[in-house]
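Numbering (our numbering), first residue to last: 754 to 1055.
Right, dumping it as structure tokens:
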């Protein structure tokens, strides 16, 4: 088994000497004697058999070999620092990974805003984001496969939820589609005669899809981006979250359909913590930031 000739402390001292511009400055910053730093670097050079520093006047300069090794040493010392921090985080119960289920009608931008606030305090916590649809989200909650879930509609029975926002869905199609020429649709039987685009439920044990499902002809896709690509070819109609079609509607690439008595739909989105009893500090922090993004301050609840 290979035994290292050098120590992390020696490399950290070398880094300090270079970063602070000399032995005297590094000794002051590290609160060590200058002679101890000289001895550490000299010993490191002797152990490696190459010169790392050369002193010119009162300043130490890296040799060509020293530059290469110093650069690599920073990766090593940083990795050890992160490893030790991870051990400390785990000892404190800080989760190394958080898994989030996001119902796809919840804006990704909203979640990213909360994650951006979380990042400086994350302690290196890895984030896994899962896009989910209808019962797929509920299954993830019931099977305790996620730490945080943003679900649509009523959450599974027995789970507490915090309402976040409502999302409005618009009925849309391409301007050249026959439905676009009809003005206000008096009867949904007209829709039933046309091709509908629907979003596939991600639940393993479900065949439910998103949308009004009376149309005999249906194409099922996995997300709204695929649905929009099809709509732009003049094919079919679809219920799509308003925030996802704002640009297309403004540019005239898609148009809204007006169905009498049902021009739009509203769906409530809520935050669910599947296992509150075992919720860790990282999950609590991120959940609070998601709520804060929607103007909800948990500290004000009483």
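All C-beta atoms, glycine included, are put in the ideal place defined by N, C-alpha and C.
Rounded to a whole number of angstroms, what is the C-alpha to C-alpha distance between residue i and residue j?
i	j	result
residue 890	residue 1027	11 Å
residue 766	residue 778	12 Å
residue 987	residue 977	15 Å
residue 1002	residue 764	60 Å
residue 912	residue 821	56 Å
residue 791	residue 826	18 Å
residue 1025	residue 877	23 Å
residue 869	residue 915	21 Å
residue 910	residue 892	12 Å
residue 725	residue 879	Lying before the first or after the last residue shown, residue 725 is absent from the chain, which here runs from 754 to 1055.
residue 772	residue 797	17 Å
residue 970	residue 1033	47 Å
residue 1051	residue 856	22 Å
residue 955	residue 972	16 Å
residue 906	residue 1018	12 Å
residue 818	residue 812	18 Å
Specify, as a first and last residue, the run of the alpha helix (DSSP H) that residue i falls within.
i	result
residue 910	Looking at the DSSP string, residue 910 is not in any alpha helix (DSSP H), and its letter there is neither H nor E.
residue 981	977 to 984
residue 865	861 to 871
residue 894	888 to 895
residue 766	761 to 773
residue 779	776 to 783
residue 944	942 to 945
For residue i, which three-state DSSP category applies?
i	result
residue 1037	helix
residue 1050	coil
residue 954	coil
residue 900	coil
residue 803	coil
residue 927	coil
residue 993	strand
residue 1055	Interpretation of residue 1055 is limited by its pLDDT of 45, a score under 50 that renders its predicted location unreliable; no figure is taken from the coordinates.
residue 751	Beyond the ends of the chain as shown, which are 754 and 1055, falls residue 751; an answer cannot be given.
residue 1045	helix
Given a cut-off of 8 Å, decide if residue j and residue i are closer than it, judged by their beta-carbon atoms.
i	j	result
residue 815	residue 805	yes
residue 1040	residue 847	no
residue 950	residue 833	no
residue 918	residue 1022	yes
residue 894	residue 1020	no
residue 998	residue 933	no
residue 712	residue 768	Residue numbering for the chain in the displayed model covers 754 to 1055; residue 712 lies beyond these limits and cannot be assessed.
residue 938	residue 1011	yes
residue 930	residue 985	no
residue 974	residue 953	yes
residue 863	residue 1046	yes
Check for me: the beta strand (DSSP E) holding residue i runs from which residue to which?
i	result
residue 812	812 to 815
residue 851	850 to 856
residue 971	971 to 974
Please confirm if the stretch 884 to 902 is in contact with the stretch 830 to 839, defined as three or more CB-CB distances below 8 Å between the two stretches. Too few Cβ pairs lie closer than 8 Å, so no.
The stretch 910 to 923 touching the stretch 992 to 1004, judged by at least three CB pairs closer than 8 Å: As far as the Cβ criterion goes, the stretch 910 to 923 touches the stretch 992 to 1004, which means the pair count is three or higher.
Any chance the stretch 848 to 859 sits against the stretch 892 to 901, with 3 or more Cβ pairs inside 8 Å? Taking a contact to require three or more Cβ pairs closer than 8 Å, the stretch 848 to 859 and the stretch 892 to 901 qualify as touching.
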